[in-house]
Amino acid sequence: MDNKLYKLMDWPAIEEIVYSESSQPCSILGGHLVKEGYLIQVFRPDAVSVSVSVSERKRAIQLEKVDDAGFFAALIPIKKNVKYVLNIEDKNGHITRLRDPYSFGRFDKSEVIFNKFAAGTEYNAYNLLGNKVCEKDGISGVLFRTWAPNALRVSVVGEFNSWDGRIYQMERITDNGIYEIFIPQLEAGQEYMYEIKFKGANTVLKLDPYARQITQYADAHSVTGEPQAVQDNVKWVKQRKQIKGVNKPLSILEIAYDNIPVNKAKVNYMDIARYITEYVKDTGYTYVLIKGSDSIFEKTGYCYGASGYYAPSSQYGTATDFKHMIKELHNNGIGVIIDFNVAYFGIDIRSIVNYDGGDCYGYLKPRIIEKPQMNITTFAYEKGEVRSFLISAIAMWLDEYNIDGIKITDTATMLYLDYGKNPGEWTPNMYGGNENLDAIEFIKQMNEYVHKRNDGVITIADEKSLWSDVTRNNDNEDSLGFDYKLNDGFNEEFFEFVKQDPLFRKGMYNRVTYEMLYHYKEHFITNLTYEALKDDTLYAMVSGNDDKQRLSDIRAVLGYIYTYPGPVCVSYGNDTGALVSVDDDKMQILSRLEEPAYKQMKAYIKALNTLYTTDNSMYEADSSSDGFEWVDNYNAELTVYSYARYSSDNDMDIVAVNFTPVERKAYELNVPKAGKYKLVFNSDNEEYGGDGKVEAVVVKSAVEADSNDRYKMFVDIPASAMVVYKYESYTDIEIKEIQIKNEAKAAKVEAEKRVDLARELADKAEEEAVRAANAEKEAKESLRLAQNARKEAEKKALEAVKESERIDEEMKLRLSQLKK
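FYI, in the working numbering the residues of the sequence shown are -16 to 803.
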C-alpha cells in the first residue's frame, strides 16, 4: 500500500465499518477532500475490485483493497470535490456502475422538523421517515430514514445488495437516533428491510415502520415507493363536513373482510368495494366500519397488531387498489371508518417490537382479560417520537386515503398503568394513582389534531372501563376529546335481557332502563358489533323455535336499538340475522341472504335506516335529555317499553316495543301530548316477514290530561314487534269537535243513567206493591186462622167449664155418699 494512502487511513473507524458497527459511516466512506487530495473510500465486501470514473479523468482509477474484508481506497491528486461513478466487479466478473451512496451528503431538512418529531408534534412524519423515491443532485434513487435510538448500526438490505447489511450502512444524523441513507439508481417496487445490529451484537431484520407498502407473504418485506395518487374527492369531503355532528344521523355498518360472501382466494379490494356498495345501497347505511386494524394494516404470521401501521393489507391488492376502493365507496356516498390500534402492538419480531434492541416503541405488557391469549406491548407515550409515529400514521390515512373516521380499539389498556396487572407489577404515576398520564395526554393530543383539521373526520373510542369524560361533551377541558364512545354499558344490560326466554325477560326488565341514568354524560353509539356480541350471533342470542319467530325477535331488538338515542353501529350479517355462526362458510351467509325471509330482513333494515336518517325526531336532539322521555318503563309483567323521541323543534314520535311473543291489544299508553298519532313504522309488516296485525293507522289520545298531566290512548302492539307513531297536535276545531262529542256522549250517558234509574225505581215500586199485596193476603189468612183458633179455643174452654162442673157435681155426689 502506498505510504501516503496508508497514513490517511483511520483504521479504528475502518474497523467499525468492516465489522458493520458504525453509526457514522459517512465520516469514512465516500469522497473527502483532504490536504493531500481527494480521498475516496468504499466498503464493498461483495466486490473483487472497485474503480472510479471521474469526470476529470478519461480513464477509470483503480481503488486499492486496503482490507481483505472488502475495504477499498484511492487518493486522487485533485484539490476539489468531484463527482464520480463506482465500477464494482464481483467474483463472476460482472461489473456494476453506480453512484456512491456516500458521495451525496445529507439531505436538506430543517432541524425544526427533526425537533418537532422528537417533541411529538411532527404529524407528517410519514414524509420525514420511511422511504421516498426522489432525486439528489439530479440523480434518482430512494432516500431511507428510520428511528432507532438504541441501535449500534442500521443498514438497508434487499436483492439490490444481496441482503448484505455491510454494504449500505446508514448514517445517524440526529442525537435522538434518526438514521439516513440515499441509495442512487434504486427504483420504486424494490423489496427491502432494515438490518439492525443491537448493542449486544445481535442482528435482526426489521420491516420499515413507515413503509407505505409491504408484501403479503409470511416472509414479508417492505417495498420502496408510495401508492399511486388517486384524485381527491373534493365533493365528498365537503359533504362530509356538513353531515358531521353529534346531532346528525350516523348509521354505521361494521364489516369484516372475512365475512364478505365472496371467494376469498380471489377477492380483491375492488370486489370488496362493489359488494359493500351494493349491500349498503340495499340497506341504507351512511358509513361502513372496516373491522380489525390487523385486517386493514399489513401483518405477518399469527400475531396481534399490525406489522405496518402505514401500509394497507396486501392480501387483497396493492395500496393503490385500497385507495381506489375507498374512492369507489365515497363516489357512492358511503363514508369509511377504520379500526385503529394505538393501544398496543403485537410480538411480530419483524415489526416494531424490540425494534432497535431497546424499548424505543414500548415496553409495558398488559394482559387483556377478554383476550388472554394476546401477547402485546403498550406504546411508550412519554416519547415524542412515538407520539409523532402514531399521530402521523393517523394523518397519513386521513391525508392519503381520505378515511372519514377512526375507531380507537381497547382504549382502556392505554388509560390504566395497572390494566391486567397484579400488585407489584406496575408503578404508580407521580401522583400515586394508576392513571397513565402520558397516554391520556397522547389521546387528547391525537383528538385535538384530528379536530383541528376541521374536515369532518370523526373519532370513536372503544372504551370499556368507567372512565369519565371520554367524549367532547359540553366542552369539558378534562375530556379525552373523542366524538363518540361505543355504549358498552347499554350492551351489558340489554344483551343479557335479550338472551332470556321471553317468559323471564320481565325479571331483567328494570336493568334495561339503567343506562338512561347516565346516557347524556357521553356521546354514545348504540352498537351491535361483533365484539359486543362476544363472538356470538344475534340469531343465536334471540328467542324463537323457528326462523320466523327468531327474525321477529331480531326485528324488535333492532327496532329498539335504532330508536334509542344515539348513532347506531350494526355488524354485517347480524343486521339481517343471516350470520348463523362465525365458523360458517361465507357462501352459506350468501345463500341465506338469497332466501325470501332474509331478503325481507334486508328490506326491514333499509326501512329502519330510512326512518332513522330522515325522521329528525330520531337524531336531532341526541345530545340532550330533552330528546328522550320514557312513556312506559314500568310494565315488567307485559315486558313492553315505550318512549317519546323529540326533534330540536319539539316534533315527537312515540315508540313502543313488545319483547314477548304475545300480541298486546288495546295497550294503554299515557302520552305527554294530546293529539293524533299516526302509525309510521311497524316491524310486523308483511313486507318485512311479519303478519301485519296493526289495524288502526291513526290513534287519538284523550283531550283532557290526567292527574299526572298525561293523555290516555290505546294502541295495538304485535307480538315481538316495534311500532312508531308520529305525533300531530289537534286543531282548535278538532278539539271543539271532540269536546262537543264528549259532552254529547257524557250527556247521553247521563240520560241513559237517569232512564236506568227510573226503570230501577219502577221495578222497585212494583216489587214493593207485590210485596204489599202479598202481605195483605197473608194478613187476611192469618186473621181467618186466628178467628178459627179463637172459636176453637172458646169451644174448648166451654167444654172445659162443663167438664169442671161435672167433676164438681161428681165430687159432691161422692162426698155426700161417703157421709152416708
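In this text, a Cβ means the ideal position worked out from N, Cα and C, and glycines have one as well.
*Could you check if Trp219 is buried or exposed, using at least 16 other CB atoms within 10 Å of its CB as the buried criterion?*
buried
*Residue span of the alpha helix (DSSP H) that contains Arg811, given as start and end*: Examination of residue 811 is not possible in this model, given that the chain is present from -16 through 803 alone.
*Is the number of C-beta pairs between the region 90 to 97 and the region 173 to 181 that are closer than 8 angstroms three or more?*
By the Cβ rule, the region 90 to 97 does not count as touching the region 173 to 181, because fewer than three pairs are nearer than 8 angstroms.
*Mind checking who Gly318 pairs with in its DSSP beta bridge?*
Tyr270
*Going by C-alpha distance, which of Ala171, Glu105, Gly183, Glu612 is nearest Glu4?*
Gly183
*For Thr361, name the three-state secondary structure that DSSP assigns.*
strand
*Apart from the five residues on each side of it in sequence, which residues of its chain come closer than 7 angstroms, Cβ to Cβ, to Phe165?*
Pro84, Phe87, Phe90, Lys119, Gly124, Leu126
*Would a C-beta distance cut-off of 8 angstroms place Asp393 and Ala131 closer than the cut-off?*
no
*Could you spell out where the alpha helix (DSSP H) holding Leu(-9) opens and where it closes?*
-14 to -9
*Thinking C-alpha only, which one of Leu169, Phe100, Asp73 is nearest Asp158?*
Phe100
*Between the beta-carbon of Ser630 and the beta-carbon of Glu603, is there less than 8 angstroms?*
yes
*Using 10 angstroms around the beta-carbon of Gln225, count the other beta-carbons present and answer buried if the total reaches 16, otherwise exposed.*
exposed
*Taking all protein chains shown into account, do 16 or more other C-beta atoms lie within 10 angstroms of the C-beta of Ser574, making it buried, or fewer, making it exposed?*
Looking at its Cβ environment, which holds fewer than 16 other Cβ atoms inside 10 Å, Ser574 is exposed.
*Report all residues from its chain with a CB closer than 7 angstroms to the CB of Cys286; omit the five preceding and five following residues, and keep chain order.*
Its pLDDT being 44, under 50, Cys286 is placed unreliably by the model, and nothing is read from it.
*Counting pairs of beta carbons, one from the region 193 to 209 and one from the region 145 to 158, are three or more of them closer than 8 angstroms?*
no
*Spell out the partners DSSP gives Phe26 in its beta bridges.*
Phe54
*Could you name the residues of the same chain whose beta carbon sits closer than 7 angstroms to that of Tyr346, not counting the 5 residues immediately before and after it, in chain order?*
So the qualifying residues of the chain are Thr360, Ala363.
*How would you write the range of the alpha helix (DSSP H) that Ala294 sits in, first residue to last?*
Here Ala294 belongs to no alpha helix (DSSP H); instead the beta strand (DSSP E) covers 291 to 295.
*Compare the Cα-Cα distances from Ser451 to each of Ser462, Asp445, Glu(-1), Ala326 and report the closest residue.*
Ser462
_Going by the DSSP bridge assignment, what does Phe280 pair with across the sheet?_
Pro295
*Buried or exposed by the 16-neighbour rule on C-beta atoms within 10 Å, applied to Ile572*: By the 10 Å Cβ count, Ile572 comes out buried.
*Could you give the distance in angstroms between the alpha-carbon of Glu47 and the alpha-carbon of Pro8?*
19 angstroms
*asked:* My assumption, with CB atoms under 8 angstroms, is that Asp73 sits in contact with Asp147. Please give the rounded CB distance.
replied: Not quite, the Cβ-Cβ distance comes to about 12 angstroms (not below 8 angstroms), so this is no contact.
_Checking the sheet assignment: what are the DSSP bridge partners for Gly658?_
Ser712
*Evaluate the contact criterion for the region 501 to 513 versus the region 548 to 563: three or more CB pairs, one atom per stretch, below 8 angstroms.*
yes
_Through-space distance from Ala685 to Val738, alpha-carbon basis_ = 27 angstroms
*How many angstroms separate the CA atom of Ala515 from the CA atom of Glu476?*
12 angstroms
*Roughly how far, in whole angstroms, is the beta-carbon of Phe280 from the beta-carbon of Tyr292, given that I think they are within contact range, below 8 angstroms?*
Right, their Cβ atoms sit about 6 angstroms apart.
_Measuring only the C-alpha atoms, how far is Lys683 from Ile716?_
15 angstroms
*Distance CB(Glu174)-CB(Val137) smaller than 8 angstroms*: no
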